[in-house]
Amino acid sequence: MEHVDVLVLTKIQIGCLITYYKQDSDNDHIYHSELITLTKRMARGEPYKLSFTVPIFEPHPPQYYIHAISDSWLNAEAFYTISFHNLALPEARTAHTELLDLKPLPVTSLGNSAYEALYKFSHFNPIQTQTFHALYHTDNNILLGAPTGSGKTISAELAMFRLFNTQPDMKVYTQKGKRVKGKWPEGAAGLSEPVIKHVFSRKKRSVGGIKESFQSNMVLAGCCGILKSSAFQMLAVVYLHLHSVFSINSFYSTGFMAVTVGSGTALSISTLSISVIYIAPLKAIVRERVNDWQKRLVSQLGKKMVEMTGDYTPDLMALLSANIIIATPEKWDGISRNWHSRSYVTKVGLMILDEIHLLGADRGPILEVIVSRMRYISSQTERAVRFVGLSTALANAGDLADWLGVEEIGLFNFKPSVRPVPLEGYPGKYYCPRMNSMNKPAYAAICTHSPTKPVLIFVSSRRQTRLTALDLIQFAASDEHPIQFLNIPEEALQMVLSQVSDQNLRHTLQFGIGLHHAGLNDKDRSLVLVCTSTLAWGVNLPAHLVIIKVEDGKVEFGETSLLGTEYYDGKAKRYVDFPITDILQMMGRAGRPQFDQHGKAVILVHEPKKSFYKKFLYEPFPVESSLKEQLHDHINAEIVSRTICHKQDAVHYLTWTYLFRRLTVNPAYYGLENAEPEILSSFMSSLVQNTFEDLEDSGCVKVNEDEVEPMMLGSIASQYYLSYMTVSMFGSNIGPDTSLEVFLHILSAASEFDELPVRHNEEKYNEKLSEKVKYSVDKTRLDDPHVKANLLFQAHFSQLELPISDYITDLKSVLDQSIRIIQAMIDICANSGWLSSSITCMHLLQMVMQQLLDIPKAALQSLTGNFPASRLYQDLHHFPRVRMKVKLQGKDTDSGRSRTLSIRLEKINSRRHSSRAFVPRFPKIKDEQWWLVLGNTSTSELYALKRISFSDHTVTSMELPPTPSTLQGMKLFLVSDCYVDFQQEYSIQELMGSQQEARVK
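Read left to right, the sequence shown gives residues 464 to 1464 (the working numbering).
Following this line, the structure appears as structure tokens:
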């Protein structure tokens, strides 16, 4: 079989239908035909990408043709020839690991009662038994390819137990207030108290001042080696220990320690504890692992675990103390880019990569980069990192194993048919011209194969979950058994229904049918039967029977049915087929190990697709790299971290990737004629050169012959995990006095919103929204995802009711992305020295957080007359009240007299001990952050910007510019990142005139 991508560049009238034929040049056999409609977007010149799979026979034909024909215009047709010269296909026979007939291994083989107590079964399954020794008794890298439902997660836990056994927890815990002295760090053992006192007297630092800084986490990071520590900070620790400000519990040879501050809370700090990093491609899988391991590994083994997703970002102390880190690829990529200054990245001892076969999917490049980086870090630090890859059965497991450093003893690639609970497929001949007509055969399959056992039905959209459930209820009622799926007493049912908020779910649950999709809240997802495809990845909920509706419908003008519908691909701007990996994942939910001797799967598929699914559901797919399409951002990140300084460094960096392995095996897939060394070398050099040129054109890097260095835009793109095209667009469109409206348009134009779905007929909803919002949008592009993003932002600010539930989920996605994008815009303004634009952009972030536009002061004053004073007083306590004290300090230096602002911030109301932000309308929990902005309002210049966070108080400083003439109009601003118009100003000129402490309330 061959996969074909067709890029269509259209110059043809809107509304024309085109039929594509894929045919053999020798016998005129048509292998694929497809009817497409040229949309308004295509008429604007945007390319349209089609993907389909066709068979390749032996011997290879010389070429295939693609023939495009219009159904309306005479001679409106096109030909394209695909040559099979030098075509390299995957090996005809895939090397599989035979499942040996071994006696099931008892869990007592773990030799650890605490580990054994984690499992409710007495023996491991055959796959776990066969892989047990390699996982639990060796440190070899492992690649385990096996079908979904084979117990691969437990296999990964065996590797974790191996690490826990060989690298025991080295943290030191102390009782509250107890002082336990330990070893002194090397280089500090010979220091006496007088010497340390002398250093402090020269530095003019008081014990109280350093204690205050320490307790507000200002010194803590540096003195413990978390960041680049200085000798002075280490001396500060020793001095405070001698004066009983805090106790040092233990020092390790690397300079990491555990301390107790005064008689207060014990702090445990140590990065000598080697950690496990578990990478899952979806947040849903991460959440499943967190929930499971929280109950077992954390509660029963006492391990510390942190979650790193877009919803959760742990603080530094949590990361340092964690034994287990669970993260999405994007989050770990962003963290590990700066591995030189983040010690917890280099202390990873085991990296578990779940669903590693998704390397070829859209998010595959990120997965590929983080693995390549961790292998590179291991080689640079000479610290061994064990890799355990979990996958479905693979056609090219050898290439993946070679990339992961897996030797033959650690490679297990079982056949797709190897499952602890065998899976049976049931063919049928149901004619399904429309997607809804598949519900009748689905109901028949339930009655035949699983009338009394749990069933999962996977559909393409949340709308289909509702329609499918209603049809099942109707069919059951027609059979005079309307509640045949209900297996709960009436009293218990009413108790459940009283807790359900979604009306559709409440209705279907009365008949024993649940719904699950992204639009439901967490409480409503407890009972699931009919669900979207995300459940296959995110919930470990096996059923006896799984039904998958692979739907298809014919396109007619003016009708809502769609061509080849499976799910909406925001990137392709159309409905496309589910990947085989998703189908396999859904099938893997069939069969409950504790209850079923076998599972059953029914796939309702359109007739032309039957051969394709029949083949690849039983034969593994080869995994290819998709890094080439997203190389720019990853190369930019390595340039910023200085891993890449020369062109040769970039070429060397690519040799660590999976892309490099596949180039030599399947060169035709990547556009190469063959894999000769000269051709490979030329390709790699050209790839690097073109990437450098694109990054330089975007303003992200500066290239000088073969040397390359990061620029401001490139550093910001890497820091905030943005596309190089996004920051390039920001650099071209943001100016010194950019208005709020323009900032909103720039924000919406970010490439991070390219894949925001604009579904069928949603341009009509967008048109109605555009009539209600404050700022106008381009009404000729209402089907553009960036216009939709703009409208969603404005609807959020104005608290407008969204037209359909899909828009609520889309808004959550947009808001989630917007925070780091706006923060990047603020940094660009600050680095450019633009005061007005910086403040305006900060205000935009406040609006996002509070779901508010500008509020006139008159409106605020009117609140006092419309609300009881007691309620207003109570509500105001949700917001912090910050007192700012500013002192001007000066000293003489070799270059002249320097002046510094000493700034103390303190919360003086009931929220003084909390840093949690009050953002009731923002979908995520957030901590407060503040900006200290030093600028000149008369010239609109920004001199300095500092981002800070604190719970009750903090002390910091900012240097004034040396030129005295700049003092006129110079002000210090304190700006909140989450409260609208929460801002304080302080005149530096007045401070200099009075030469005394000032207070701003």
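Built from N, CA and C at the ideal position, the CB exists for glycine as well. Just so you know, these numbers come straight off a predicted model, no measurement behind them.
Task: ILE529, enclosing beta strand (DSSP E) - first and last residue - done: As a working note, residue 529 is residue 66 in the sequence shown. 526-533 is the extent of the beta strand (DSSP E) around ILE529.
Open item on the list: Could you tell me the alpha carbon to alpha carbon distance between GLU1465 and PHE1385, rounded to whole angstroms?
Closed with: Since the first residue shown for the chain is 464 and the last is 1464, residue 1465 is missing from the structure and cannot be characterised.
Task: Continuous alpha helix (DSSP H) stretch holding GLU751: start and end - done: Within the sequence shown, the letter at position 288 stands for residue 751. 746-756 is the span of the alpha helix (DSSP H), which, as asked, contains GLU751.
Open item on the list: I need the DSSP call for ALA1332, collapsed to helix, strand or coil.
Closed with: Here the question's residue 1332 lines up with position 869 in the sequence shown. Here ALA1332 sits in helix by DSSP.
TODO: Could you tell me whether the stretch 844-851 touches the stretch 617-627, using the rule of 3 or more Cβ pairs below 8 Å?
DONE: yes
Task: First and last residue of the uninterrupted beta strand (DSSP E) at THR516 - done: Taking the sequence shown and counting its residues from 1, the one referred to as residue 516 is at position 53. Run containing THR516: 511-517, per the beta strand (DSSP E) assignment.
Open item on the list: Pull the bridge partners of GLU1141 from the DSSP assignment, please.
Closed with: Numbered from 1 along the sequence shown, position 678 holds the residue referred to as residue 1141. According to DSSP, which records beta bridges pairwise, GLU1141 is partnered with nothing at all.
Task: Cut-off 6 Å between Cβ atoms - residues of its own chain near GLY773, not counting five sequence neighbours on either side - done: As a position in the sequence shown, residue 773 is number 310, starting the count at 1. Counting only Cβ-Cβ distances below 6 Å, and skipping sequence neighbours, we find ASP1279.
Open item on the list: Taking the straight line between their C-alpha atoms, what separation do you get for LEU919 and VAL1009?
Closed with: Here residue 919 refers to the residue found at position 456 when the sequence shown is read from its first residue. Here residue 1009 refers to the residue found at position 546 when the sequence shown is read from its first residue. The straight-line gap from Cα to Cα measures roughly 5 Å.
Task: Nearest residue (CA-CA) to LEU783, options SER799, TYR1336, GLY614, TYR807 - done: For the purposes of this step, residue 783 is taken as residue 320 along the sequence shown, with counting starting at 1. Considering only alpha carbons, the answer is TYR807.
Open item on the list: I'd like to check one pair, THR855 with THR1543: are the Cβ atoms closer than 7 Å?
Closed with: Because the chain is modelled from 464 through 1464, residue 1543 falls outside the range shown and cannot be assessed.
Open item on the list: Quick check on ILE1451: buried or exposed, where buried means 16 or more other Cβ atoms within 10 Å of its Cβ?
Closed with: Here the question's residue 1451 lines up with position 988 in the sequence shown. It counts as buried.
Task: Distance between PRO945 and GLN957 (C-alpha atoms, nearest Å) - done: One-based indexing of the sequence shown puts residue 957 at position 494. One-based indexing of the sequence shown puts residue 945 at position 482. Their Cα atoms are separated by approximately 17 Å.
Open item on the list: THR1120 and SER835 - do their beta-carbons sit closer together than 7 Å?
Closed with: Counted from its first residue, the sequence shown places residue 835 at position 372. Counted from its first residue, the sequence shown places residue 1120 at position 657. Closer than 7 Å, so yes.
Open item on the list: Using the Cβ count rule (16 or more neighbours within 10 Å means buried), how would you classify PRO792?
Closed with: As a position in the sequence shown, residue 792 is number 329, starting the count at 1. So PRO792 counts as buried.
TODO: Measure how close the beta-carbons of PRO1248 and VAL1221 come, nearest whole angstrom, since I'm counting them as under 8 Å.
DONE: For this step, residue 1248 is matched to residue 785 along the sequence shown. For this step, residue 1221 is matched to residue 758 along the sequence shown. Right, their Cβ atoms sit about 6 Å apart.
Open item on the list: Among the candidates ALA1252, PHE587, ILE1043, whose CA atom is the shortest distance from the CA of LYS419?
Closed with: Because residue 419 is not part of the residues shown, which for the chain are 464 to 1464, the question remains open.
Open item on the list: ASN1253 and TYR1187 - do their beta-carbons sit closer together than 7 Å?
Closed with: Translated into the one-based positions of the sequence shown, residue 1187 becomes position 724. Translated into the one-based positions of the sequence shown, residue 1253 becomes position 790. In this structure, ASN1253 does not lie closer than 7 Å to TYR1187 by Cβ.
Task: Environment of HIS1340 [buried if 16+ CB atoms lie within 10 Å] - done: Within the sequence shown, the letter at position 877 stands for residue 1340. HIS1340 should be labelled exposed.
Task: Where the beta strand (DSSP E) containing VAL922 begins and where it ends - done: Here residue 922 refers to the residue found at position 459 of the sequence shown. Note, VAL922: beta strand (DSSP E), 918-922.
Open item on the list: Taking the beta carbon of ARG1379 as the centre, do at least 16 other beta carbons fall within 10 Å, making it buried, or is it exposed?
Closed with: The residue you call residue 1379 lines up with position 916 of the sequence shown. Exposed, by the Cβ-count rule.
Open item on the list: Under 8 Å, with one C-beta from each stretch per pair, do the stretch 570-578 and the stretch 814-832 reach the 3-pair mark?
Closed with: no
Open item on the list: At 4 residues or longer, what runs of the alpha helix (DSSP H) sit wholly inside the stretch 546-614?
Closed with: 576-579, 589-599
Task: For ASN1153, the three-state DSSP class (helix, strand or coil) - done: Counting from 1 along the sequence shown, the entry for residue 1153 is found at position 690. Here ASN1153 sits in helix by DSSP.
TODO: Just grab the DSSP bridge partners of LYS1409 for me.
DONE: Residue numbering aside, residue 1409 sits at position 946 when the sequence shown is read from its first letter. DSSP output for LYS1409 lists LEU1395 as bridge partner(s).
Task: Whole-angstrom distance between LEU606 and GLY812, CA atom to CA atom - done: Reading the sequence shown from its first residue, position 349 is the one you call residue 812. Reading the sequence shown from its first residue, position 143 is the one you call residue 606. For GLY812 and LEU606, the distance between alpha carbons rounds to 16 Å.
Open item on the list: Whole angstroms are fine: how far does the CA of ALA531 sit from the CA of PHE875?
Closed with: Locating residue 875 in the sequence shown gives position 412, where the first residue counts as 1. Locating residue 531 in the sequence shown gives position 68, where the first residue counts as 1. When rounded, the distance between both Cα atoms is 45 Å.
TODO: Put GLN1257 into one of helix, strand or coil per three-state DSSP.
DONE: Sequence index remark: in the sequence shown, residue 1257 carries index 794 (1-based). Helix at GLN1257.
Open item on the list: In this structure, how does DSSP classify MET1433 when only helix, strand and coil are distinguished?
Closed with: The residue labelled residue 1433 in the question sits at position 970 within the sequence shown. Strand, per DSSP.
TODO: Please determine, among LEU1405, ILE1209, MET1433, the residue with the shortest C-alpha to C-alpha distance to MET1455.
DONE: In the sequence shown, the residue the question calls residue 1455 occupies position 992. Residue MET1433 is the option with its Cα nearest to MET1455.
TODO: Put GLY873 into one of helix, strand or coil per three-state DSSP.
DONE: In the sequence shown, residue 873 corresponds to position 410, counting from 1. Three-state result, GLY873: helix.
- [ ] Identify which residue in THR616, VAL1345, GLN1352 has its Cα closest to the Cα of SER1377.
- [x] Reading the sequence shown from its first residue, position 914 is the one you call residue 1377. Checked all of THR616, VAL1345, GLN1352; the closest Cα to SER1377 is VAL1345.
TODO: Could you check the C-alpha separation between MET720 and ALA785 for me, to the nearest Å?
DONE: If you number the sequence shown from 1, residue 720 lands on position 257. If you number the sequence shown from 1, residue 785 lands on position 322. Bear in mind that the predicted position of MET720 carries a pLDDT of just 37, short of 50, making it too unreliable to give a figure here.
- [ ] Compare the C-alpha of THR915 against each of ILE1179, GLY975, GLU953, PHE921 and name the closest.
- [x] Here residue 915 corresponds to residue number 452 of the sequence shown, with the count starting at 1. Considering only alpha carbons, the answer is GLY975.
Task: Start-to-end residues for the alpha helix (DSSP H) that takes in TYR1133 - done: Taking the sequence shown and counting its residues from 1, one reaches residue 1133 at position 670. Taken as a continuous stretch (DSSP letters only), TYR1133 belongs to no alpha helix (DSSP H), as it is neither H nor E.
Open item on the list: Counting beta carbon pairs with one atom in the stretch 1292-1305 and one in the stretch 1189-1204, are three or more of them shorter than 8 Å?
Closed with: yes
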